[in-house]
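Numbering (UniProt numbering), first residue to last: 1 to 245. Beta carbons: idealized from backbone N, C-alpha and C, even for Gly.
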Ligand SMILES: Nc1nc2c(ncn2[C@@H]2O[C@H](COP(=O)(O)OP(=O)(O)O[C@H]3O[C@H](CO)[C@@H](O)[C@H](O)[C@@H]3O)[C@@H](O)[C@H]2O)c(=O)[nH]1
């Protein structure tokens, strides 16, 4: 069985892609990387194809037609990772808002401490966010509180997108029933993991806003998160919620 794969969704990340790939491949753990690119007009996928010659078998690429959202990109990547036998499956942004070195800490939490899901969390010790506008910090922090209030889930950073899953979590959750595509996707995945009783650890990280390229955050994504949490909670009252078995 293969060990670790980092799934990185990309849309117009030409300014970050090479640097982030190299930053992962110098780490002391043998990570594979799977890029899920949604037809980025800036040529992100072409750059990855060039780099694949340098990292054969270790740098993988899936290309989709058009921008289909971060959530569906991850679902696609999880399917690939499960099918190809990876044991630990990571989520990470391409833009260095997540420090690649923290991948090793997330891995240790799952591998050595035997957690089923490790989350890189910004809100364990205060607010560890660098260079984000105050409006986004507040929105993200309040979103966490709101999710805790509605769902009762004891996770401080509900929208966090830096994670390590043990494969058994992704085998158990019915990925075909995950509905959301933006930040709500991150909340829904944590909620499902928690509902199934898996062991979750929040690992403190520092989140630094991207220096290059642009965020794809939109009002639509924000709205999906606000109303999505309530829908998710209501669906959870029905026994069939997300049942994969
Ligand atoms: N394939 C694909 N990738 C996408 C898409 N939209 C965004 N991405 C990729 O997803 C990553 C995160 O996108 P950003 O647009 O930079 O996200 P953000 O607004 O900074 O949000 C981050 O923080 C949120 C919590 O505050 C997280 O919920 C979110 O997952 C992400 O980590 C980047 O690698 C970006 O290229 C898409 O439609 N398709």
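{"Asked": "Measuring CA to CA, which of 176, 64, 133, 127 is closest to residue 144?", "Found": "127"}
{"Asked": "Taking all protein chains shown into account, do 16 or more other C-beta atoms lie within 10 angstroms of the C-beta of residue 11, making it buried, or fewer, making it exposed?", "Found": "buried"}
{"Asked": "For the stretch 220-236 against the stretch 180-187, do three or more pairs of beta-carbon atoms, one drawn from each stretch, fall closer than 8 Å, so that the two count as touching?", "Found": "yes"}
{"Asked": "Could you check the C-alpha separation between residue 196 and residue 170 for me, to the nearest Å?", "Found": "11 Å"}
{"Asked": "In whole angstroms, give me the CA-to-CA distance for residue 152 and residue 23.", "Found": "37 Å"}
{"Asked": "Compute every distance between the C-beta of residue 186 and the non-hydrogen atoms of ligand 1, then say whether any falls below 7 Å.", "Found": "yes"}
{"Asked": "Excluding five sequence neighbours on each side, which residues of the same chain lie with their C-beta closer than 7 Å to the C-beta of residue 123?", "Found": "141, 144, 156, 157"}
{"Asked": "Output the distance between the C-alpha atoms of residue 113 and residue 176, rounded to the nearest integer angstrom.", "Found": "29 Å"}
{"Asked": "Nearer than 7 Å: is that true of the beta carbon of residue 13 relative to any heavy atom of ligand 1?", "Found": "yes"}
{"Asked": "What's the C-alpha gap between residue 100 and residue 20?", "Found": "8 Å"}
{"Asked": "My guess is that residue 87 and residue 217 are in contact by the Cβ rule of under 8 Å, so how many angstroms apart are they, rounded?", "Found": "Residue 87 to residue 217, Cβ: 32 Å. No contact."}
{"Asked": "Give me, in chain order, the residues of the same chain whose beta-carbon lies closer than 7 Å to that of residue 245; leave out the 5 immediate sequence neighbours on both sides.", "Found": "Any reading at residue 245 is ruled out, since the residue's pLDDT is 33, under 50, leaving its predicted position unreliable."}
{"Asked": "Cβ of residue 232 versus every heavy atom of ligand 1: is any distance shorter than 7 Å?", "Found": "no"}
{"Asked": "State the start and end residues of the unbroken beta strand (DSSP E) segment that holds residue 186.", "Found": "Counting along the chain, residue 186 falls outside any beta strand (DSSP E), though it belongs to the alpha helix (DSSP H) covering 183-195."}
{"Asked": "Less than 7 Å between the CB of residue 210 and some heavy atom of ligand 1, yes or no?", "Found": "yes"}
{"Asked": "Who are the Cβ neighbours of residue 184 in its own chain at under 6 Å, not counting the five residues just before and after it?", "Found": "224, 225, 228"}
{"Asked": "Does ligand 1 have a heavy atom nearer than 7 Å to the CB of residue 251?", "Found": "A query on residue 251 cannot be resolved here, the shown segment of the chain reaching from 1 to 245 and no further."}
{"Asked": "Cα separation between residue 233 and residue 154?", "Found": "14 Å"}
{"Asked": "Can you tell me where the alpha helix (DSSP H) holding residue 125 begins and where it ends?", "Found": "Premise fails: residue 125 is in no alpha helix (DSSP H) and is neither H nor E."}
{"Asked": "Out of 211, 82, 15, 68, point me to the one whose CA is closest to residue 39's CA.", "Found": "68"}
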